[in-house]
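Residue numbers (UniProt numbering): 1 to 368. All remarks here apply to the structure that follows.
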Amino acid sequence: MSREIPLLDLKAQYQAHKQELHNAIDEVMESGQYIMGPYVKNFEDEIASYVGVKHAIGVANGTDALLLSLDALGIEPGDEIITSPFTFFASAEVISQMGATPVFVDIDAQTYNLDVSKLEAAITPRTRALIPVHIFGQPINMEPIMQLAEKYNLYVIEDACQAIGSTYKGKQAGSIGTCGCFSFFPTKNLGGYGDGGIIVTDDDELARKTRILRFHGSSPKYYHSMIGYNSRLDALQAAMLSVKLKSIDTWNDARIEKAMRYNEAFKNTPLVLPFKESDRRHVYHLYILQADNRQDLIEYLAKHGIATGIYYPVPLHQQEVYKHLGYELGSLPVAERMAERTFAIPLYPELTDSDQDYVIDTILKYYK
Ligand SMILES: *Cc1c(COP(=O)(O)O)cnc(C)c1O
Numbered sequence: 001m002s003r004e005i006p007l008l009d010l011k012a013q014y015q016a017h018k019q020e021l022h023n024a025i026d027e028v029m030e031s032g033q034y035i036m037g038p039y040v041k042n043f044e045d046e047i048a049s050y051v052g053v054k055h056a057i058g059v060a061n062g063t064d065a066l067l068l069s070l071d072a073l074g075i076e077p078g079d080e081i082i083t084s085p086f087t088f089f090a091s092a093e094v095i096s097q098m099g100a101t102p103v104f105v106d107i108d109a110q111t112y113n114l115d116v117s118k119l120e121a122a123i124t125p126r127t128r129a130l131i132p133v134h135i136f137g138q139p140i141n142m143e144p145i146m147q148l149a150e151k152y153n154l155y156v157i158e159d160a161c162q163a164i165g166s167t168y169k170g171k172q173a174g175s176i177g178t179c180g181c182f183s184f185f186p187t188k189n190l191g192g193y194g195d196g197g198i199i200v201t202d203d204d205e206l207a208r209k210t211r212i213l214r215f216h217g218s219s220p221k222y223y224h225s226m227i228g229y230n231s232r233l234d235a236l237q238a239a240m241l242s243v244k245l246k247s248i249d250t251w252n253d254a255r256i257e258k259a260m261r262y263n264e265a266f267k268n269t270p271l272v273l274p275f276k277e278s279d280r281r282h283v284y285h286l287y288i289l290q291a292d293n294r295q296d297l298i299e300y301l302a303k304h305g306i307a308t309g310i311y312y313p314v315p316l317h318q319q320e321v322y323k324h325l326g327y328e329l330g331s332l333p334v335a336e337r338m339a340e341r342t343f344a345i346p347l348y349p350e351l352t353d354s355d356q357d358y359v360i361d362t363i364l365k366y367y368k
């Protein structure tokens, strides 16, 4: 075993942009403004313009972007919010943090996104909002979601944490619902060097409230109109993210190109390949495959120095903390089945052709 191919190589991206990043760090350090200030404002303006919305509000992380959105929209105990069982825990956690109840609807076996045909049946008089998640970097079918939201008067909070730069019918993920939430966790397609997140919206009132909430519910300083949070995007992170935002389209293009290369290589294997809807730009936050014999295959790959990741091993309705919600085994069969079959293989913009060829050859040999 000579090679080691990680799932993601963050150091490669840092090395490639080291000088620019260090210049940005120096500028912030010299400016003397480390919380809020011009670098945060500048990055917020850049994200608003990139996504195509009026407002962007930087916060401490993607989870807080979701949480502050729900808080600003007035979500209360007793409310129900529908989301996916096949996502990172935060998508549902924030609902519980507000004292509301997450309602899980099964997913589509091809895209791993919520099955929109099953949404309406889950809406009750208590439903206040939907949190569609653009999972693995492909936007969910937003049109029927927005129609349901209109019909039942629901908020739509797009969890676009894995999908920055992806599009739905030409519109950027995060720009379609009531608001959109992004994470700049280092492993995301646009990753910082620590935690970070942002809320994007065209809604003036929602923007105003989240700006106040992130600063202890105060505006002006020391005048508190709400119980808020200490949840701000660091100036250092904002300055480094401004540097990296310039490359996001190039990086996403590189992910797409490498995903196509994998698709071509694996088309005659028993692996189930990622499915892309024709009216979307899928930015392959993760390159997800399905295998019947997942455990055996990932052990074989590990022996050959190839990292894999399981997204997600336990659907949210089966998490211990959600036992009280009463979802029985078999209640969301697609999510449960996918949790036993899906896994990610290495994909990142800096993955070299030679390393990718090694991953491809190793997998093809397994099936020979
Ligand atoms: C990463 C992620 C989050 C949370 O973002 P953090 O910045 O880690 O708080 C929320 N939802 C999804 C789908 C994510 O992938």
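Yeah, the Cβ is synthetic: ideal placement off N, Cα and C, and Gly gets one too.
Status (buried if at least 16 other CB within 10 Å, exposed otherwise) for N61: As a working mapping, residue 61 is identified with position 61 in the sequence shown. With 16 or more Cβ atoms within 10 Å of its Cβ, N61 is classed as buried.
Given a cut-off of 7 Å, decide if Y50 and A235 are closer than it, judged by their beta-carbon atoms. By one-based count along the sequence shown, residue 235 stands at place 235. By one-based count along the sequence shown, residue 50 stands at place 50. Result no, Cβ atoms of A235 and Y50 do not sit closer than 7 Å.
Give the DSSP-derived three-state secondary structure of L289 in the structure shown. As a working note, residue 289 is residue 289 in the sequence shown. Note: L289 maps to strand in three-state DSSP.
Reduced DSSP secondary structure (H/G/I, E/B, other) of E277: Within the sequence shown, residue 277 is the residue found at index 277, counting from 1. In this structure, E277 counts as coil in the three-state DSSP scheme.
For R126, the three-state DSSP class (helix, strand or coil): Here residue 126 is taken as the residue at index 126 of the sequence shown, counted from 1. Correct three-state label for R126: coil.
On the DSSP letters alone, give me the boundaries of the beta strand (DSSP E) that D159 sits inside. Here residue 159 is taken as the residue at index 159 of the sequence shown, counted from 1. Run containing D159: Y155 to D159, per the beta strand (DSSP E) assignment.
Sequence-ordered residues whose beta carbon comes within less than 6 Å of a heavy atom of ligand 1: N61, G62, T63, T87, F88, A90, S91, V133, D159, C161, Q162, S183, F185, D195 and G197
Determine the burial state of L297: buried for a count of at least 16 other Cβ atoms within 10 Å of its Cβ, exposed for fewer. Counted from its first residue, the sequence shown places residue 297 at position 297. It is buried - the Cβ of L297 has at least 16 other Cβ atoms within 10 Å.
Note down, in chain order, each residue of its chain lying with its Cβ closer than 7 Å to the Cβ of Q97, except the 5 sequence neighbours on either side. Position 97 of the sequence shown, counted from the start, is the residue given in the question as residue 97. Only L67 meet the Cβ criterion.
Is it right to say L364 is buried, meaning 16 or more other beta carbons lie within 10 angstroms of its own, or is it exposed? Locating residue 364 in the sequence shown gives position 364, where the first residue counts as 1. Per the 10 Å Cβ criterion, exposed.
According to the Cβ coordinates, are N113 and I140 closer than 7 Å? As a position in the sequence shown, residue 113 is number 113, starting the count at 1. As a position in the sequence shown, residue 140 is number 140, starting the count at 1. Going by C-beta atoms, N113 is nearer than 7 Å to I140.
Closest to residue 369 by C-alpha separation, out of K169, Y300, M240 and R280, would be which residue? Here the chain comprises residues numbered 1 to 368, so residue 369 is not present and cannot be evaluated.
Quick one, which of R128, L347 and Q319 has its alpha-carbon nearest F86's? The residue you call residue 86 lines up with position 86 of the sequence shown. Here the closest residue by C-alpha is Q319.
Secondary structure, beta strand (DSSP E): runs of 3+ residues fully inside the region 70-108: 80-83 and 101-104
Segment limits, alpha helix (DSSP H) that includes A24: As a first step, residue 24 must be located in the sequence shown, where it is residue number 24. Taken as a continuous stretch (DSSP letters only), the alpha helix (DSSP H) holding A24 covers K18 to S31.
Is I57 helix, strand or coil when you go by DSSP? Locating residue 57 in the sequence shown gives position 57, where the first residue counts as 1. In this structure, I57 counts as strand in the three-state DSSP scheme.
Pick from K244, D203 and K368: whose alpha carbon is nearest that of N23? As a working mapping, residue 23 is identified with position 23 in the sequence shown. Looking at the Cα atoms, K244 is the closest of the given residues.
By how many angstroms is the C-alpha of Q295 removed from the C-alpha of A90? The sequence position of residue 90 within the sequence shown is 90, counting from 1. The sequence position of residue 295 within the sequence shown is 295, counting from 1. Straight-line Cα distance between these residues: approximately 26 Å.
Beta-carbon proximity list for A48, same chain, < 7 Å, skipping 5 on both sides: Sequence index remark: in the sequence shown, residue 48 carries index 48 (1-based). Result list for A48: K54, H55, A56 and V200, in chain order.
For the pair the region 341-360 and the region 323-330, tell me if three or more CB-CB distances fall below 8 Å. no
Unbroken beta strand (DSSP E) run spanning F182, endpoints: Translated into the one-based positions of the sequence shown, residue 182 becomes position 182. That run of the beta strand (DSSP E) goes C179 to S183.
Please classify S231: does DSSP put it in a helix, a strand, or coil? Reading the sequence shown from its first residue, position 231 is the one you call residue 231. In this structure, S231 counts as coil in the three-state DSSP scheme.
Endpoints, the alpha helix (DSSP H) within which I363 is located: Position 363 of the sequence shown holds residue 363. Here the alpha helix (DSSP H) through I363 covers D353 to Y367.
Taking the alpha-carbon positions, what's the I25 to T124 distance? Translated into positions along the sequence shown, residue 25 becomes position 25. Translated into positions along the sequence shown, residue 124 becomes position 124. Taking the straight line joining both Cα atoms gives about 49 Å.
Straight-line Cα distance separating L130 from P186: As a first step, residue 186 is located in the sequence shown; it is residue number 186 there, counting from the start. As a first step, residue 130 is located in the sequence shown; it is residue number 130 there, counting from the start. Roughly 27 Å separates the two Cα atoms.
Within its chain, find whatever has a CB closer than 6 Å to the CB of I248; leave out the 5 residues flanking it on each side and keep chain order. By one-based count along the sequence shown, residue 248 stands at place 248. Same-chain partners within the cutoff: G165 and L190.
Coil, strand or helix - I310 by DSSP: Here residue 310 corresponds to residue number 310 of the sequence shown, with the count starting at 1. In this structure, I310 counts as coil in the three-state DSSP scheme.
Could you tell me the alpha carbon to alpha carbon distance between residue 369 and F43, rounded to whole angstroms? The structure shown has nothing for residue 369, since the chain only spans 1 to 368.
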